[in-house]
Structure formats: structure tokens, C-alpha cells
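Asker: Take 12 as the starting number for the sequence shown in the numbering used here and just add one per residue. Heads up, the beta-carbon is just placed ideally off N, CA and C, and yes, glycines get one too. Given the structure is predicted, the values throughout are model-derived calculations rather than measurements. Got a structure for you, written out below as C-alpha cells; questions coming shortly.
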Amino acid sequence: MLERWGPRLVAHLNVAFDLTVVMCVTAAAAWLSGRTVDPRVLACAGCLALFWSAETFAVRYYDRWANRSGVEETAMVSLLALGATVTLGVLRFLAPNAQTLPPTGQFFLLLWPLVLLPRMVVFRKLEYREPPLREVLLVGTGPMALATADDFADPSRRPVRIVGHLRFADEPKTELAMGGVEDLEKCLRAMPIDEVYVAGNPARHAVEMQQVVRTCERFGIPFALPAYSVRLERARPAVPAAVEDGYLHYLTHAPRPFQRSLKRLFDIFASASALLILAPFLLLVAALIKLTSKGPVFFRQARVGLHGRPFNMFKFRTMVVNAEALKDQLQAKNERAGPVFKIKSDPRVTPAGRFLRKHSIDELPQLINVLRGDMSIVGPRPPVPKEVAQYEAWQQRRLSVRPGLTCIWQVSGRDQISFQEWMYLDMRYIDHWSLAEDLSLILQTVPVVLSGRGAS
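Here it is in C-alpha cells:
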């Protein structure tokens with residue numbers, strides 16, 4: 012459900028940005044050509060902004076599901092800019108004092124790059140930062156499930172891949188079903204699933220539907236229940252809040268869709284800015300690692316992200332090259348209860364690596380993961396697959412939000428708290444999340460990182 016808001020917000024921001032560009036370019040072209048930016052120029056800017064709105068609406072330029080190639084995007088922006096330029100030419104022809112309006116040549120040369128470059132570099136990346144393909148599990152193999160599968164095949168909808176079907180007890184065993192409702196937990200552990208659609212009849216499947224809901228709640232997986240007892244073709248519910256696809260969608264945490272969209276925008280802005288500002292410092296750290304130990308500068312490790320989706324997390328290398336191989340030999344010295352492996356004086360850590368770890372400098376390359384959308388600035392720390400395999404069902408709910416660089420654990424003692432306390436802190440963050448909470452954690456993280464408090 013959240014995915015429906017992010018691209019929409021980005022599209023609205025793109026519209027506002029482009030309209031501002033059109034008006035500013037009109038004034039700038041007039042000023043650069045030695046003309047006065049008087050009310051006639053401002054009126055012309057308003058007319059061009061209205062025309063831009065009309066032509067972009069006509070060609071569905073800001074359609075958030077349009078998957079245009081770079082060449083197609085460039086061609087469309089060129090045509091739109093040309094259309095606005097022709098409109099300016101018409102206004103110059105019709106205006107009694109045409110010499111007061113900006114020249115068409117300068118207008119086009121300013122407008123084209125100022126619309127195209129932000130679109131290619133920023134807005135397209137924001138729109139498609141979320142995986143364009145949602146992976147859903149359908150519970151049910153009857154008529155409602157088949158109709159839902161047909162709906163997913165509609166090309167006008169956001170792309171959906173059905174990872175499989177589970178059948179209710181009274182439904183026949185078919186090749187379509189990969190198991191029964193009792194196999195749901197096994198499926199949620201085995202594969203990334205973004206949402207579970209429960210295509211059942213409450214009159215016949217109430218007990219099993221309740222079982223599905225409880226399992227999804229424990230795992231933190233969004234789920235959808237039928238909103239109506241019959242499929243509707245033309246009729247629409249009178250309640251404005253009713254959903255479009257015939258299902259009511261549920262989350263296991265506070266939705267706050269607008270705040271979550273702002274959180275993603277903040278992640279992109281903050282990570283890109285930090286990488287740019289810290290670039291000289293990151294180069295120094297890379298040189299330090301290269302000069303003090305053999306091996307690569309960066310360490311890539313498989314981690315588990317949102318809804319169990321795996322990704323490669325980046326860190327500065329702080330251990331010897333064969334650290335993973337040595338881990339099995341050191342298991343007996345593990346000082347942490349639960350699936351996490353921690354040793355206070357880990358012999359695999361290099362001298363330079365110990366300093367980098369104490370001040371969390373080794374985590375800075377994860378800003379790349381944040382920019383890519385694998386992680387967020389604030390969120391539960393991403394676990395390794397072996398840890399997730401040992402999670403209890405309630406601990407799986409950590410994966411219901413995007414993992415982060417910092418979290419409550421980071422500012423609450425880090426390696427000095429137990430695994431169980433760590434998990435409870437993450438659940439508290441998920442249940443009470445807000446932008447204000449994120450900002451508070453970021454501010455608390457700074458002194459903790461500078462002092463190295465709680466790090467081993």
C-alpha cells in the first residue's frame with residue numbers, strides 16, 4: 012500500500028519543479044537578453060506554465076508508471092520544450108509589444124536542459140527507487156483467487172508477480188497450489204513476499220483466514236482481505252475510503268504514507284549530500300585501510316532487507332581477508348546470546364579497523380545502500396541470512412521496514428545490550444515510528460558515534 016504513495020508524491024514534486032522552471036526560465040531569458048522583467052513578462056510566464064500543464068497532461072508525461080527509456084525521455088522533453096517555445100513565438104506574434112517578451116532561442120536553450128537533467132538524474136530515480144515488481148502470495152485457488160490473478164495481469168496496473176498460491180482446506184489439490192494455509196509460515200520464511208492476498212470466503216474460511224491474519228501480523232507482512240462478498244464490475248462503494256481492487260489492505264505498523272514518502276526523499280537527499288561532502292575523508296579512510304592491511308578497501312556482505320529481500324551491504328573492511336572462514340573457529344568464544352555473533356576483542360579485526368569500528372566510520376559506505384534504496388538512514392540494522400534463519404516468528408517483524416544505518420540499538424548501548432533487548436527495541440521503533448522519532452535518533456547518534464560509546 013505504501014508503494015502507491017511514494018511515486019505519486021514524486022510526480023507531484025516533479026510537476027511543481029517543472030512549472031517553477033518554466034516561469035523562471037521565461038524571466039531569465041528576458042533578463043539575459045537585456046529586457047526588463049515587467050508584468051508582461053510575468054504574464055507570459057504564467058501563460059507558458061498553463062500551456063506546459065496542458066501539454067504534459069495530454070501526453071501523460073508525469074505518469075508514474077511510465078517506463079520510458081533514456082532516449083524516449085529525451086525525445087519527449089525535447090518535444091515538450093519545443094511546444095512551449097512555439098507557444099512563446101505565438102505570444103510574441105500576438106503581443107502588441109513583442110520586443111518586451113523573451114526571445115524564443117534563449118528560452119528553448121535554457122528550458123530544455125533545466126527540465127531534462129533533473130528529470131533524468133533525480134525524479135526518474137526517485138520514482139523507480141522502489142522495485143517496480145511487487146511479489147505477492149495468493150491464499151486461495153477458487154474463483155476469487157483466479158479473478159484476482161487476472162486483475163494483476165492488467166497492464167495498466169503496477170506490475171505484480173504472484174509467487175504462488177496456498178489452498179484452503181475445502182479447495183481441491185491442484186498444480187496451482189504449492190501447499191495449504193498451514194504452510195504460510197514456511198513460505199514467508201523461504202521467499203521475499205511484499206503482501207499476502209487472502210482470496211477466501213468469510214462464510215466458509217473464517218477460521219483459516221484468521222490463521223493467515225495472525226501469521227502475517229507476527230511476521231510483519233502486509234495483507235489484504237476481501238472487501239466484498241461478490242466481485243463488482245461497474246458498481247462502486249459509497250464509502251470514499253474503500254479500495255480500488257476489492258480488497259482491504261492492512262499493515263502491522265502505523266501507515267503514515269505521506270511521512271514515509273518524505274522519509275525516502277530525506278534518505279536520498281541526505282545520503283547523496285553526505286557522500287559528496289565526505290568524499291575527501293572517505294578517500295583518506297580508503298588509503299589508511301590499503302596501507303595498513305592486505306586486501307580490498309571495501310567489504311561486501313549479504314544482508315536481508317525489506318520483506319526478506321536480500322542485498323549486498325557495503326562497509327569499509329575492518330578485518331583480515333579470511334575473516335568469514337575464521338568465524339567458524341571462533342564460534343565457541345561468541346559472547347552474545349541468540350543468533351548474532353559478537354566477540355569483544357575479536358582477533359580478526361585489524362588495528363586500523365578497531366578505530367574505524369569504534370566510531371562507526373566503517374559504516375559510512377552504507378550511504379550508497381541508502382541512496383540505492385536498500386537501506387534507510389534510520390531503521391533496524393540489517394541482519395545476515397544465517398541470523399534470520401534462526402529468528403522466532405515475532406522477530407521476523409524486523410523485516411517489515413527498510414533497515415537503517417542507525418537505530419534505537421545504536422544509541423542504547425550497542426554491543427552492551429542483549430539480543431532480546433535489541434529485538435524489543437526494534438519492535439518499539441516499528442510500532443511508534445514517526446519522522447520526529449527519526450530526527451531524534453539521528454541527533455542522538457552523533458555524540459554516540461563521536462565518543463565511541465558502547466562499541467566493542
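Whole angstroms are fine: how far does the CA of Arg-172 sit from the CA of Phe-163?
Answerer: As a first step, residue 163 is located in the sequence shown; it is residue number 152 there, counting from the start. As a first step, residue 172 is located in the sequence shown; it is residue number 161 there, counting from the start. Taking the straight line from one Cα to the other gives about 8 Å.
Asker: Buried or exposed: where does Asp-205 fall if 16 or more other Cβ atoms within 10 Å of its Cβ makes it buried?
Answerer: Taking the sequence shown and counting its residues from 1, one reaches residue 205 at position 194. Buried, by the Cβ-count rule.
Asker: What does the alpha-carbon distance come out to for the pair Ala-60 and Phe-327?
Answerer: In the sequence shown, the residue the question calls residue 60 occupies position 49. In the sequence shown, the residue the question calls residue 327 occupies position 316. Roughly 48 Å separates the two Cα atoms.
Asker: Candidates Val-88, Arg-71, Gly-100: which alpha carbon is nearest Cys-58's?
Answerer: Your numbering for residue 58 matches position 47 in the sequence shown. Among Val-88, Arg-71, Gly-100, the Cα nearest to that of Cys-58 belongs to Gly-100.
Asker: Go ahead and label Asp-29 buried or exposed: buried means 16 or more other beta carbons lie within 10 angstroms of its beta carbon, across all protein chains shown.
Answerer: Counted from its first residue, the sequence shown places residue 29 at position 18. Looking at its Cβ environment, which holds 16 or more other Cβ atoms inside 10 Å, Asp-29 is buried.
Asker: Run the CB neighbour count on Thr-47, radius 10 Å, all protein chains shown included, and call it buried at 16 or more, exposed below.
Answerer: Along the sequence shown, one-based indexing puts residue 47 at 36. The residue is exposed, with fewer than 16 neighbouring Cβ atoms inside 10 Å.
Asker: Excluding the five sequence neighbours on either side, which residues of its own chain have a C-beta within less than 6 Å of the C-beta of Leu-289, listed in chain order?
Answerer: One-based indexing of the sequence shown puts residue 289 at position 278. Excluding positions up to five away in sequence, the list is empty.
Asker: List the residues that DSSP assigns as beta-bridge partners of Asn-323.
Answerer: Walking along the sequence shown from the start, residue 323 turns up at place 312. Asn-323 pairs with Ala-313.
Asker: Measuring only the C-alpha atoms, how far is Gln-221 from Ala-201?
Answerer: On the sequence shown, position 210 is the one that residue 221 refers to. On the sequence shown, position 190 is the one that residue 201 refers to. Approximately 22 Å between the Cα atoms of the pair.
Asker: CA-CA distance, Arg-51 and Thr-85?
Answerer: Numbered from 1 along the sequence shown, position 40 holds the residue referred to as residue 51. Numbered from 1 along the sequence shown, position 74 holds the residue referred to as residue 85. One C-alpha to the other measures close to 31 Å.
Asker: Could you tell me the boundaries of the beta strand (DSSP E) in which Ala-188 lies?
Answerer: Working through the sequence shown from its first residue, we reach residue 188 at position 177. Where Ala-188 is concerned, the enclosing beta strand (DSSP E) stretches over 188–191.
Asker: Using the C-alpha atoms, what's the distance from Gly-231 back to Asn-212?
Answerer: For the purposes of this step, residue 212 is identified with residue 201 of the sequence shown, where counting begins at 1. For the purposes of this step, residue 231 is identified with residue 220 of the sequence shown, where counting begins at 1. Going from the Cα of Asn-212 to the Cα of Gly-231 covers about 23 Å.
Asker: Taking only runs of the beta strand (DSSP E) that begin and end inside the stretch 365–441, which ones reach a length of at least 3 residues, in chain order?
Answerer: Runs found: 387–389, 415–417.
Asker: If you reduce the DSSP assignment to three classes, tell me which class His-176 lands in.
Answerer: The residue you call residue 176 lines up with position 165 of the sequence shown. Residue state, collapsed to three classes: strand.
Asker: Evaluate contact between the stretch 438–452 and the stretch 397–404, counting only Cβ atoms and requiring at least three cross-stretch pairs below 8 Å.
Answerer: Flag = no, the stretch 438–452 and the stretch 397–404 do not touch.
Asker: I'd like to know if the stretch 408–415 and the stretch 263–279 are in contact, where contact means that at least 3 CB-CB pairs between them fall below 8 Å.
Answerer: A contact exists between the stretch 408–415 and the stretch 263–279.
Asker: Tell me the residue span of the alpha helix (DSSP H) that contains Leu-144.
Answerer: Along the sequence shown, read from residue 1 onward, the residue named residue 144 stands at position 133. Counting along the chain, Leu-144 falls outside any alpha helix (DSSP H), and DSSP gives it neither H nor E.
Asker: Using a Cβ-Cβ cut-off of 7 Å (strictly less than) and excluding sequence neighbours within five positions of Ala-188, which residues of its own chain qualify?
Answerer: Here residue 188 corresponds to residue number 177 of the sequence shown, with the count starting at 1. Result list for Ala-188: Thr-152, His-176, Leu-177, Arg-178, in chain order.
Asker: Thinking C-alpha only, which one of Pro-154, Arg-229, Leu-148 is nearest Gly-191?
Answerer: As a working mapping, residue 191 is identified with position 180 in the sequence shown. For the residues Pro-154, Arg-229, Leu-148, the minimum Cα distance to Gly-191 belongs to Leu-148.
Asker: Short of 8 Å in beta carbon distance, which residues of its chain neighbour Leu-91, apart from the five on each side in sequence? Order them along the chain.
Answerer: Reading the sequence shown from its first residue, position 80 is the one you call residue 91. Only Trp-63, Glu-66, Thr-67, Val-70, Tyr-72, Val-126 meet the Cβ criterion.
Asker: Could you tell me which residues DSSP pairs with Val-207 in its beta bridges?
Answerer: Walking along the sequence shown from the start, residue 207 turns up at place 196. Bridge partners of Val-207: Leu-148, Phe-234.
Asker: According to DSSP, which residues form a beta bridge with Val-360?
Answerer: Along the sequence shown, read from residue 1 onward, the residue named residue 360 stands at position 349. Met-330, per the DSSP bridge assignment.
Asker: Are Gly-316 and Phe-310 closer than 7 Å when you measure CB to CB?
Answerer: Position 305 of the sequence shown, counted from the first residue, corresponds to residue 316. Position 299 of the sequence shown, counted from the first residue, corresponds to residue 310. Going by C-beta atoms, Gly-316 is not nearer than 7 Å to Phe-310.
Asker: Of all the options Ala-210, Leu-382, Gly-94, His-318, which has the alpha carbon lying nearest to the alpha carbon of Ala-156?
Answerer: In the sequence shown, the residue the question calls residue 156 occupies position 145. Measuring from the Cα of Ala-156, the nearest candidate turns out to be Ala-210.
Asker: When you compare each of Lys-184, Glu-219, Phe-234 to Val-207 by their alpha carbons, which one comes out closest?
Answerer: Along the sequence shown, one-based indexing puts residue 207 at 196. Selected option, being the one with the closest Cα: Phe-234.
Asker: Taking the alpha carbon of Pro-107 as the reference point, which residue from Leu-236, Val-97, Cys-55, Arg-79 has its own alpha carbon closest?
Answerer: In the sequence shown, residue 107 corresponds to position 96, counting from 1. Residue Cys-55 is the option with its Cα nearest to Pro-107.
Asker: Quickly, what does DSSP pair Val-171 with across the bridge? List them, please.
Answerer: Within the sequence shown, the letter at position 160 stands for residue 171. Note: Val-171 sits in a beta bridge opposite Arg-145.
Asker: Buried or exposed, going by whether 16 or more other CB atoms sit within 10 Å of the CB of Val-389?
Answerer: Your numbering for residue 389 matches position 378 in the sequence shown. The residue is buried, with at least 16 neighbouring Cβ atoms inside 10 Å.
Asker: In this structure, what does DSSP give as the bridge partners for Leu-259?
Answerer: In the sequence shown, counting from the first residue as 1, residue 259 sits at position 248. The partner list for Leu-259 (beta bridge, DSSP) reads Leu-236.
Asker: Starting from Asp-194 and walking both ways along the alpha helix (DSSP H), at which residues does that stretch end?
Answerer: To locate residue 194, count along the sequence shown from 1; it is residue 183. From DSSP, Asp-194 is part of no alpha helix (DSSP H); its letter is neither H nor E.
Asker: With DSSP collapsed to three states, give me the class of Ala-164.
Answerer: Your numbering for residue 164 matches position 153 in the sequence shown. Coil.
Asker: In this structure, how does DSSP classify Ala-106 when only helix, strand and coil are distinguished?
Answerer: The count along the sequence shown starts at 1 and reaches residue 106 at position 95. Residue state, collapsed to three classes: coil.
Asker: Measure the beta-carbon distance from His-370 to Val-460 and round it to whole angstroms, keeping in mind my assumption that it falls under 8 Å.
Answerer: Working through the sequence shown from its first residue, we reach residue 370 at position 359. Working through the sequence shown from its first residue, we reach residue 460 at position 449. Yes, they are in contact, since the Cβ atoms of His-370 and Val-460 sit about 6 Å apart, within 8 Å.
Asker: Counting only the same chain and skipping the five closest in sequence on each side, list residues whose C-beta sits under 7 Å from that of Pro-307.
Answerer: As a first step, residue 307 must be located in the sequence shown, where it is residue number 296. Only Arg-328 meet the Cβ criterion.
Asker: Roughly how many angstroms lie between the CA atoms of Gln-427 and Pro-203, to the nearest whole one?
Answerer: Here residue 427 is taken as the residue at index 416 of the sequence shown, counted from 1. Here residue 203 is taken as the residue at index 192 of the sequence shown, counted from 1. One C-alpha to the other measures close to 32 Å.
Asker: Taking the alpha-carbon positions, what's the Glu-141 to Gly-384 distance?
Answerer: As a first step, residue 141 must be located in the sequence shown, where it is residue number 130. As a first step, residue 384 must be located in the sequence shown, where it is residue number 373. With a pLDDT of only 47 at Glu-141, under 50, the local geometry of the prediction cannot be trusted, and no value is derived from it.
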